[in-house]
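And the structure:
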């Protein structure tokens, strides 16, 4: 492979799993970004570390529900919601710090790595992001769930492979390739 490539925007979806971090390592090691040119209209390529937070109600799986004995059913507990949001922010910051630490091992400058965080359903948000960011390629890990888990949870990587508006590279986890006894 040559030292310079022609990729302008590489989106790497990370969720904190080791599989997603392996996908990031693979992308940094194997994909070559476009070099900046002297023409100011053509910037060099960049990696986008993309993370999707679950909405607070999905993240907790909890809904305080109606207050017994005729209380209001749509009561929202602001302190509860704020605590959940703060917790999710800490998780997201930890995930992004880990991903940026991996990037620093590859000696990438801040101009070549950007982070992007959204809240929502990962399948839909990842596909929307690759379109909005005009990604040349999407790289993501696969947890290789068994058929039962996949039936209930769905497969984000499978959905993105079929719906993303750019090529998708799915990096399978090491356990899916080789199992040690």
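Numbering (my numbering), first residue to last: 1404 to 1584.
Where a beta carbon is used, it is the ideal one built from N, C-alpha and C, also for glycine.
Pick from the options that is closest to residue i, judged by C-alpha positions
| i | options | result |
| --- | --- | --- |
| residue 1394 | 1575, 1491 and 1536 | Examination of residue 1394 is not possible in this model, given that the chain is present from 1404 through 1584 alone. |
| residue 1438 | 1458, 1418 and 1408 | 1408 |
| residue 1457 | 1517, 1509, 1529 and 1411 | 1529 |
| residue 1509 | 1427, 1494, 1448 and 1487 | 1427 |
| residue 1411 | 1454, 1449 and 1568 | 1449 |
Residue i: first and last residue of the uninterrupted beta strand (DSSP E) it sits in
| i | result |
| --- | --- |
| residue 1447 | Careful: residue 1447 lies outside any beta strand (DSSP E) and carries neither H nor E. |
| residue 1526 | Residue 1526 -> not in any beta strand (DSSP E); alpha helix (DSSP H) instead, spanning 1525-1535. |
Where the alpha helix (DSSP H) through residue i begins and ends
| i | result |
| --- | --- |
| residue 1506 | 1481-1508 |
| residue 1560 | 1559-1566 |
Cβ neighbour criterion (16 or more within 10 Å) applied to residue i
| i | result |
| --- | --- |
| residue 1526 | buried |
| residue 1546 | buried |
| residue 1443 | The predicted position of residue 1443 is uncertain, since its pLDDT is 48 and thus under 50; a value taken from the coordinates is nonetheless stated next. Flag for residue 1443 reads exposed. |
| residue 1483 | exposed |
| residue 1565 | exposed |
| residue 1507 | exposed |
| residue 1418 | buried |
Subject >> Secondary structure, alpha helix (DSSP H): runs of 4+ residues fully inside the stretch 1409-1441 >> reply: 1421-1433, all fully within the stretch 1409-1441.
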